[in-house]
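4 protein chains.
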Amino acid sequence: MFSDHNAASPPSREREGSADTKVTQERRQALLAAAQSVFAREGYHRTGIRQIAEAAGCAVGTFYLYFPSKGDCFRALIDKLYQAVMEAIEKRRSAQGAPEAKLAASLSAVTDVLMTEQDLARVVLIHARGSELALEEHLWTIQKTFARLVAQDLLECGVPEPSATVGAHAWVGALAEVVNLWARDPQLHDLRAMVHTVQALFWRGWGLPSTWPNPA
Amino acid sequence: MFSDHNAASPPSREREGSADTKVTQERRQALLAAAQSVFAREGYHRTGIRQIAEAAGCAVGTFYLYFPSKGDCFRALIDKLYQAVMEAIEKRRSAQGAPEAKLAASLSAVTDVLMTEQDLARVVLIHARGSELALEEHLWTIQKTFARLVAQDLLECGVPEPSATVGAHAWVGALAEVVNLWARDPQLHDLRAMVHTVQALFWRGWGLPSTWPNPA
Amino acid sequence: MFSDHNAASPPSREREGSADTKVTQERRQALLAAAQSVFAREGYHRTGIRQIAEAAGCAVGTFYLYFPSKGDCFRALIDKLYQAVMEAIEKRRSAQGAPEAKLAASLSAVTDVLMTEQDLARVVLIHARGSELALEEHLWTIQKTFARLVAQDLLECGVPEPSATVGAHAWVGALAEVVNLWARDPQLHDLRAMVHTVQALFWRGWGLPSTWPNPA
Amino acid sequence: MFSDHNAASPPSREREGSADTKVTQERRQALLAAAQSVFAREGYHRTGIRQIAEAAGCAVGTFYLYFPSKGDCFRALIDKLYQAVMEAIEKRRSAQGAPEAKLAASLSAVTDVLMTEQDLARVVLIHARGSELALEEHLWTIQKTFARLVAQDLLECGVPEPSATVGAHAWVGALAEVVNLWARDPQLHDLRAMVHTVQALFWRGWGLPSTWPNPA
DNA sequence: GATGAATGAGGGTTCATTCAT
DNA sequence: CATGAATGAACCCTCATTCAT
């Protein structure tokens, strides 16, 4: 699913962490960061390549050295969040045994990543909608993958269908909305607290035995 | 909140239900219906005025006799859903006494409207994101208004803050996601059943005493 | 071969010579004329849509109401010359009996059209090369078609292969070069006389019995 | 006519055939060869500096050490063919006495070079058209020079004006077209045979006494 | 000399909106 | 009121050329 679609890998013959590679990788990261920031603020359609380039401190042409197109850049952001989430999930789940513990690990992994990457969360959860057919499709594939993961856990925790599948999707939607709520006025809301509230709500909603723990 | 922005009431000399007025109101409705259908299918940015006009069986210029802009047309659809929802809510709530009954009335009113107006639901809940700054803002204002309404009921049902406010928003987000899930493949999913599942999930999540009733 | 590729036919429901149709057809003709003029002067790549639009006295967007793309506009010019040539050939040949008379009719038909449409000749014979793959291919298809026609006549006149086929192509190339010579300095050269010289040269070169007649 | 425009002689401190100079001259030749190959295949506009550099096994920047611009590189190819042709002509003519023998020597010199340098022939005769104003002009100057040479011979052979001048140009055009015909499908056509056919055709067309000899 | 990442002007194209008919 | 041809700003993207290393 994460082909090198978004590659246009800066043409360096060396792949090691040599100075050369680092320099151009830095550019790519800078562009990605700039894109993330502008996309988060403006959304997909209101964001022009020129703005991204400007935010990254380079020229328009430079953008196209690192990304084949605007869409591919956006896609890279989607994948970035997905990968971060997946890594976090795998890391946390490995330390757990009981189904509920695994589920909780997954959920909290997701929300922790969202907390750490709030701009990214906005981009993916809010602005991917209405971007481009291919991007929407890509995001949807990911969401389905992820929802299936959660649903699987829910089933193992004794939550019956269709509560499991629908509940998994609903949970994603609820989170997205909360991120949106927070994004509207970051100073006014405490994203961490809100996310915790949602987790607890769903935990109870799914009828799981224990209580969702307070965040550390 | 619903200024006459979206009215663009065709300058008819007579204000009564004269033939003239009726005719142009029909045109407006036809355009609105066309827009609803095309927006639901294509989303905001992939929809051109030409498509709307064609679907409505009139010329491009005519569109602008009834709506000042593409955005205002979309906005009219948002408001259409909002008004339908609000009317349904008021109607149902008036017959209820207990706080929980009132809350249930509100929630089911919303979902019933979504069911009746599935295209509209797609337009508003899915495609409003990423459309235009003003539209997003408008939708957000409405969502806040509505969430406050639900939160109020939740509080009266004994659900404490921040579960009430956050929960209300989460509920909206969950619904939107379920509509999205359904929209991806209408034949595959039963929107009514999924919505009911979500309702039940939240009802339990909020810790409300009784059970969410099966849909009639 | 001449599909409606270059259509984007101005959306008029009526096909008759009504006023409406005439107006937009005039625009199309004006654009075609402008394109012909600018392409003839600047060549394919140095010509921008903006220049064409300006020369036609309209905006850039208007160009795209009549042609789907720059390439299609150019293609329309190629086809315009081709059709003019083919019509002229058919008209003249029908009045002839002997093979040589038919051949002479064809050749003089071509050169007469080139004379009448000197800009078009420049565009097609000089600037089509190096334009775009698809256009070059299109032109080449036409040239082959046409060369085969001439070669056929040559065979019937007793000119053996490969003189016939190669000679037909060579004749086209020679004409193109003469048009080029003339185009470099229209005042300095008499295209008609030069073309006549070429005709006579080839007539003799093919070993045909009679002499190429002086132009009327 | 052949200013040092196209020299861009790499600033080597030593002017003799020192190792340094030889090395960089090799580079220049490699680039020229690469350019010739790519230009012949792709044409002027579809060829990028990157492709040339890659084909030559060096970096883009290196290209600009040897040529001031893409156009100048192309120009060097034009001149390369011109020089080859001129050298061949001078060599062959010196051995001839009769005007017709001299003419024949010139013509066959040209075609022999075209045969030896088929890629170059494609580049100059086919792809120079539509490249750039300056290049077209340059090529045209050369063509005129060359046509004047041939015309001079024709006059001395008794071919009267305007047959001589026009005929000379026509001959160039015919050759170019034949090269084009061949270039479209090298396997299908025998360039040597076609060129011979053209020579014979023109020889007869000019009304020259003897017959064009079969190629050795 | 050699490199290749960086540049940015310029190209083709789209589409919401207007206005003369 | 209705029309739909006309508009032109704005977009994404390319590529010849430069220059710091």
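Residue numbers (the working numbering), protein chains in the order written: chain A, 868 to 1083; chain B, 868 to 1083; chain C, 868 to 1083; chain D, 868 to 1083.
Ideal Cβ placement from N, Cα and C applies to all residues, glycine included.
Just so it is clear, the structure is predicted and the values come from calculations on it, not from any experiment.
Spatially closest choice to residue i from the options, by CA coordinates
| i | options | result |
| --- | --- | --- |
| B/D946 | B/T1008, B/A920, B/A922 | B/T1008 |
| D/L1042 | D/E954, D/I993, D/Q1019, D/P1076 | D/I993 |
| D/Q836 | D/Q896, D/A902, D/A976 | Because residue 836 of chain D is not part of the residues shown, which for chain D are 868 to 1083, the question remains open. |
| D/A920 | D/K937, D/H912, D/G910 | D/K937 |
| C/A922 | C/S961, C/V1062, C/Q903 | C/Q903 |
| D/R1015 | D/L970, D/Y931, D/S998 | D/L970 |
| C/V1062 | C/Q985, C/G997, C/E1028, C/S998 | C/Q985 |
Rounded C-alpha distance that separates residue i from residue j
| i | j | result |
| --- | --- | --- |
| A/T914 | A/F906 | 6 Å |
| C/A1060 | C/D1052 | 15 Å |
| B/T1078 | B/A1067 | 7 Å |
| A/P1080 | A/A972 | 11 Å |
| A/T978 | A/V927 | 35 Å |
| A/Q1054 | A/R942 | 29 Å |
| D/P1076 | C/F1013 | 32 Å |
| B/H1056 | B/G910 | 21 Å |
| C/L898 | B/F930 | 29 Å |
| B/P878 | B/L944 | Note that B/P878 has pLDDT 43, beneath the 50 cutoff, so the model's placement of it is unreliable and the number below is only indicative. Looking at the two C-alpha atoms, the distance is approximately 21 Å. |
| B/L1058 | C/L1000 | 51 Å |
| C/A968 | D/Q896 | 54 Å |
| A/K958 | B/K958 | 51 Å |
| A/E1028 | C/Y933 | 57 Å |
| C/Q1019 | D/T891 | 54 Å |
| B/I956 | B/A901 | 26 Å |
| D/A1050 | A/V991 | 52 Å |
| A/I974 | A/R908 | According to the sequence provided, residue 974 of chain A is Leu. The question's Ile does not apply to it. One C-alpha to the other measures close to 26 Å. |
| D/H912 | D/Q950 | 24 Å |
| B/L948 | A/L948 | 33 Å |
Whole-angstrom C-beta distance between residue j and residue i, which should lie under 8 Å
| i | j | result |
| --- | --- | --- |
| A/V1017 | B/V1065 | Not confirmed; about 15 Å, so no contact. |
| D/P966 | D/E1023 | 4 Å |
| A/R989 | A/V952 | A/R989 to A/V952, Cβ: 15 Å. No contact. |
Residue i vs residue j beta-carbon contact at 8 Å
| i | j | result |
| --- | --- | --- |
| A/L1002 | A/A995 | yes |
| D/R894 | D/C925 | yes |
| B/W1070 | B/L1021 | no |
| B/V980 | B/Q1010 | no |
| C/L1048 | D/H1036 | yes |
| A/G997 | B/S1030 | no |
Buried/exposed call for residue i, threshold 16 Cβ in 10 Å
| i | result |
| --- | --- |
| A/T983 | exposed |
| A/G1025 | exposed |
| D/E1044 | buried |
| D/E954 | exposed |
| D/R917 | exposed |
| D/N873 | Here the model assigns D/N873 a pLDDT of 42, short of 50, so the residue's position is not dependable and the matter cannot be decided. |
| C/S961 | exposed |
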